[in-house]
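Residues are numbered in the numbering used here as their position in the sequence shown, beginning at 1, plus a constant of 828.
We put the beta carbon where it would ideally sit given N, CA and C, even for glycine.
These figures come from a predicted structure and were not determined experimentally.
Reviewing the structure listed below.
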Amino acid sequence: MEAKILPGSPDDISTFYIQATESIQQRWPRTLKQGDTFALFDALGDVIDPGMTPGGVFHNDTRYLSGMQLLIDGQRPLLLSSSVENDNVILTVDLTNPDIYQGNAIVLPRETLHVRRSKFLWDGTSHERIAVHNFDSRAQTCWLSLNFAADFADLFEIRGMQRPARGEITTAVVGGAKTIFRYVGLDQVERRSEMSFEPSPSRLTKSQATYQLKLEPGGQAAIIVTVRCTNSTQKRGEGGEFSHCYRAARRGASRACSLGGSVTSSNELANRMLHRAGADISMLITDTPQGPYPYAGTPWFSTPFGRDGLITALQMLWLDPSLARGVLQYLAAHQATALDERADAEPGKILHETRACEMAVLGEVPFGHYYGSVDSTPLFVLLAARYFERSGDLETIRAIWPNINAALAWIDTYGDQDGDGFVEYYRVSENGLTNQGWKDSSDSVMHDDGQLATGPIALSEVQAYVYAAKQGAALLAAKLGENEKASELAIAAEKLRLAFEEKFWCEELGSYAIALDGAKRPCRVRTSNAGQVLFCGIASPERAQILAAGLMTPEMFSGWGIRTLSADAPRFNPMAYHNGSVWPHDNALIALGLSRYGLKRAASAIFEGLFDAASHMELMRFPELFCGFPRRRGAAPTLYPVACSPQAWASVVPFSLLQACLGLEMCFERREIRFNNPQLPRFLEEIAINDLQLGDASVNLRLRRNGMNTEVTIVSKRGDIAIKITQ
């Protein structure tokens, strides 16, 4: 069945294309996130005329604060410093007054007043404390004003979608210390943005709070501003005072940062990168009724995504298997049970994404519960198998075994409707995604002449996921006493491996085709998809060697990382979302695959390139992607203007790259941690892995590079655990 809108058509681009009128990093460099709330501010902590850019405070994909500007006597203050603290809880901005004139005379010299803004999010509320300190030896009087607004824009409006109608906004000032914006949407949900000020302003209107500050020499004043995001379907309490909520936010962040283990190194820059990785994934993890789930990324994807959560959990599995358990349980609870063409849902299929914004509730976008991804379902089974191998948690596997079976049934039926043994996708919903692999741009699957592939499309990496999923499910079935099913799954996996090698390998490319199109023609272009094939072990060792060599050529390896598309392909564009850019998570999966085949030098080269890239990026934070221009001496990597940052599967890349270089495997059944030819990258002389847990045992390890080898030392251990090292 063909999609109703062909890839690359104008209709497809206009549907879910993320418009780019400004660079997010340039306009909104400060990000906070807690639970279902996130916020983007400029360096001064303001939100000024964001328009169709993602500045402001968002809750459940709706913007509750679209304006917040601090002025001193009508002038913007001067920026001294601005940073989000290491644990991502609080944004601190230091400001001072500019020269304030009255006529030709300066009445308030610059750098007289120090203003410190402290912002954090907690329980659906933005909290801010504005502290003003007069450092003059004379008393000073000034007007401090806050201009504010709430437009209740849906995130998909901000992404560029046009709506024929919207609900109505009303505004009221209540009691001289609160302004309430009330929006009744077309979904009949009332959303309220309640702005409270303490102490009460000298003057408060529907869009401005003004304070007349009279500060004695050395005098100080403090103002508390809260923006409470509520809606009529989610009742919450009144919240609490600033200090109480601040302590709660700190405690919450501390709990979230408690990963299953920790990694430190002899390289201070590497430590910053590792700490940032831990802090970012902790910020993105949100508690759900089924357990912790990593929201995909701010600003565009601050919600559960199936594929993103599964790949993030796979990357973190060696260090913290509890995240995988939360992801599996959440996706099992949201697995499709019936046909729904509008949502691309079929029985057994695993979620692509879920949204709670007005446009999703109304069906103006199909993403309330949307299932248009071809890879989430096999990845769900794959993660379940690897989670069991890592944790031995048969209770969880037994609980979700019906979901695993439903996913396997989807793979063999709806996933393979023509019965050729390969899982393909096509769009049923006319409003859904045209391409349904991780490269879901409308132009990301093509032939070697540049012509876009038409469906149904069988992606190379998806077949690898299915292969590994069936292998893993066979082991799970055996553990549960279903030996006949285990044998059937193992035979099916091997049959798929043989068919994949026959149909996807392109000898002239030295690579696997990105896909087979609807006519079963291979799309003969070199892409990173083929690199991900290695992650699942479906490639023969001989072809893995050939493929790896091609991945490290200048056409594929930019010097910073492996590109999504080879530079000699007809649609290559280093600034394109999927056709020439560098995605850190993509590189991490490729590195894990290279390591699986013993190709540690290539895996280390990827880690070294990405580490160098991170050293040029603010906070040493890996973004969703960056541009694929060749590396130049003395130059930084080129950023992508609308990349999510942080992004869950990019945040945890340092941990999976370290696993790849160390050849680290963990097996609960054997109570064994294995290092297969461990090789630290050149920028790491020594690392410490502390409190690495395997069941009820744990170990502290030190690894040190010694020439071409890496030595592993057991510092201490508790319980039954063995360390094995192979060269």
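| query | result |
| --- | --- |
| Determine the direct distance from the alpha carbon of V1470 to that of I846, and round the result to whole angstroms. | 8 Å |
| Beta carbon of V1189, beta carbon of G1196: below 8 Å? | yes |
| My output table needs one value for I958: the three-state DSSP class, helix, strand or coil. | strand |
| Going by CA-CA distance only, name the one from R1010, F976 and A1525 that's closest to L898. | F976 |
| Can you name, in chain order, every residue of its own chain whose Cβ lies under 7 Å from the Cβ of C1364, other than the five neighbours on each side? | A1292, Y1293, Y1295 and A1296 |
| CB-CB under 7 Å to S1272, same chain, minus the five flanking residues each way: which ones, in chain order? | N1263, H1406 and N1407 |
| Ignore the nearest five residues each way along the sequence and tell me which others in E1436's own chain have a CB closer than 7 Å to its CB. | P1509, R1510 and F1511 |
| From S842 to G988, what distance separates their C-alpha atoms? | Note that S842 has pLDDT 40, beneath the 50 cutoff, so the model's placement of it is unreliable and no number is given. |
| Please go through the stretch 890-916 and give each complete beta strand (DSSP E) segment of 3 or more residues, from N-terminal end onward. | 890-893, 895-900 and 906-912 |
| Between which two residues does the alpha helix (DSSP H) holding T1205 run? | S1204 to S1219 |
| The beta strand (DSSP E) with A933 in it runs from where to where? | A933 to L936 |
| Could you tell me which residues DSSP puts in a beta bridge with I1501? | M1494 and I1551 |
| Count the other CB atoms, across all protein chains shown, that sit within 10 Å of the CB of Q1475; report buried if there are 16 or more and exposed otherwise. | buried |
| Taking E1289 and V1361 to be in contact with their CB atoms under 8 Å, please state how far apart those CB atoms are, rounded to whole angstroms. | 6 Å |
| For V1543, which of helix, strand or coil comes out of DSSP? | strand |
| Where does M1101 fall in DSSP's three states? | helix |
| Taking the straight line between their C-alpha atoms, what separation do you get for A978 and T1554? | 60 Å |
| When DSSP labels each residue in this structure, what does C1057 get in the three-state scheme? | strand |
| Using DSSP's beta-bridge definition, name the partner residues of C1185. | Answer is none; C1185 lacks a bridge partner. |
| Could you tell me the alpha carbon to alpha carbon distance between P838 and L1261, rounded to whole angstroms? | Low confidence applies to P838: its pLDDT is 32, below 50, so where it sits in the model is not reliable enough to give any reading. |
| How many Å lie between G1561 and G1068 at the Cα? | Nothing in the structure corresponds to residue 1561, since the chain is present only between 829 and 1555. |
| Mind checking which residues open and close the beta strand (DSSP E) that includes S1356? | Looking at the DSSP string, S1356 is not in any beta strand (DSSP E), and its letter there is neither H nor E. |
| H1072: buried (16+ other C-beta within 10 angstroms of its C-beta) or exposed? | exposed |
| Looking at the strands, I want to know which residues DSSP matches up with P1350. | L1344 |
| One question on the structure: do L949 and Q968 come within less than 8 Å of each other, judged by their Cβ atoms? | no |
| G952 to C1185, Cα distance in whole Å? | 15 Å |
| Do G995 and L983 have their CB atoms nearer than 8 Å? | no |
| Spell out whether any CB of chain C is found under 8 Å from the CB atom of R994. | Protein chains in the displayed structure number just one, and chain C is not present. |
| Could you spell out where the beta strand (DSSP E) holding R944 opens and where it closes? | L941 to W950 |
| Taking the beta carbon of S1544 as the centre, do at least 16 other beta carbons fall within 10 Å, making it buried, or is it exposed? | exposed |
| Rounded to whole angstroms, what is the Cα-Cα separation between D840 and S1270? | Any answer about D840 is weak, because its pLDDT of 42 lies below 50 and its placement is not dependable; what the coordinates show is given next. Taking the straight line joining both Cα atoms gives about 7 Å. |
| So what does DSSP say about M1111, is it helix, strand or coil? | helix |
| List in chain order: all unbroken beta strand (DSSP E) runs of 3+ residues lying wholly within the stretch 1379-1461. | none |
| Locate the alpha helix (DSSP H) running through E1322, then write down its first and last residues. | N1311 to F1332 |
| Three or more C-beta pairs under 8 Å: does that hold for the stretch 1298-1313 against the stretch 1328-1342? | no |
| In its own chain, which residues sit with a C-beta less than 8 Å from the C-beta of Q1373, not counting the 5 before and 5 after it? | Y1425 and L1427 |
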